[in-house]
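Data first, discussion second: the structure below is written as structure tokens.
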Amino acid sequence: MRRLPALLAAILAATLPVAALAKDVKVATWNMGWLTLRAGEINGPNADPKRAIYQRTDEDFARLRGYAAKLDADIVALQEVDTVEAAAKVFDPNEYTVILGDETDFQRAGWAIRKSVKFTRMPDLAALDLLDGQPRSLRKGVEVVFHLPGGDLRALAVHLKSGCFSPKSQNDACPVIAEQMPILSKWIDARQAEGTSLLVAGDFNRRLRDEDPLWKVLDNGPSPLKLATAGKANHCWAGEYPEFIDQIILGGPVVRRAKEGSFGVLVYTETSRDDKKRVSDHCPVSIEIR
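For the sequence shown, this note's numbering begins at 12 and goes up steadily by one.
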């Protein structure tokens, strides 16, 4: 009789679908703030010290590695990463595969993917780079299909034009991001037409809300998108910017697999202004899906 509970458990496990047995998948986005190994080359010989890119030290990279371990995400959308080699100083190459956009700029979007997660890389969404080939051009979207136990997830890592943070903004950045949003919307619409699960994660440089005209450009499909940051406060750097520009968007069947209450922000222990360049001015944002 003592063996009966174990036997029943084994039978139940054998009959459950794989997705029901799989652990939750943690998805994050992290703008790493000019993560590079060649700041001197990027700055050039006559750089303004006030605007020069900071070269992180070994101690700084060790600190970032600690935060990556604490984040413990399975999938991380990356922004402002120069090279795979720079990312490897943060994400252990024995645990993560790093892919970046196919471009020559110093700031690239991409992904850090846990080795246990199977994926297929797709062509970059090059259309997002409206200034392709120009110095300091915009960033391409980096597309991947993640083959998860709960089903495939078509994902796009993005880093949109900075400067037009809300509908009240009026500057040269606003027409640029207004041109990028329909490109992103077209990608989302195509995924919704396929009936596939979709994820868009990254630095949108936009405080998205339901009433934002640019959010309405994105959320115009047959089924509503889930904006993970909706109704949440950003406590990064003591809440200096309480509204998020780093966003995680889900669409399609995966919306039902988003784990309630799993949204999180990894807040750094550092507090000084100088610490921002040592870690990042952005904190990782995450959500879990079943």
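All residues carry an ideal CB built from backbone N, CA and C; glycine is no exception.
None of the values given here were measured: they were computed from a predicted structure.
Closest in C-alpha terms to R132, from the list D140, W122, L141 and A138, comes W122. In this structure, E190 keeps its C-beta atom at 8 Å or more from the C-beta atom of R218. Going by C-alpha positions, G161 is about 45 Å away from R62. DSSP lists no bridge partner for V278.
By a beta-carbon distance limit of 8 Å, A239 does not contact L225. Their separation comes to about 17 Å. Three or more pairs of CB atoms, one per stretch, sit closer than 8 Å, so the region 64-80 contacts the region 275-290. The region 37-45 makes contact with the region 70-89, as at least three CB pairs between them are under 8 Å. S148 and G263 have their C-alpha atoms spaced approximately 32 Å apart. Secondary structure at M192: helix, using DSSP grouped into helix, strand and coil.
Under the three-state reduction of DSSP, R147 is assigned to coil, being neither helix nor strand. For R49, the secondary structure class from DSSP, reduced to helix, strand or coil, is coil. Cβ neighbours of P233 within its own chain (closer than 7 Å, five residues either side excluded): Q203.
If you check the CB distance, G112 and A120 come in under 8 Å.
A distance below 8 Å separates the beta carbons of L139 and K151. Contact between V169 and G213 holds, since their C-beta atoms are separated by about 4 Å, short of 8 Å. L171: not part of any alpha helix (DSSP H); DSSP gives it neither H nor E. The three-state secondary structure of L142, taken from DSSP, is coil. Taking 8 Å as the cut-off, the beta carbon of L167 is found no closer than this to the beta carbon of F157. E205 carries a helical assignment under DSSP once its states are collapsed to helix, strand and coil.
Here A97 is near L48, since their CB atoms are less than 8 Å apart. Where A79 is concerned, there is no enclosing beta strand (DSSP E), although the alpha helix (DSSP H) around it starts and stops at D69 to L82. With a 10 Å radius around the Cβ and a threshold of 16 neighbouring Cβ atoms, Q145 comes out exposed. Taking 8 Å as the cut-off, the Cβ atoms of A84 and K129 do not count as close.
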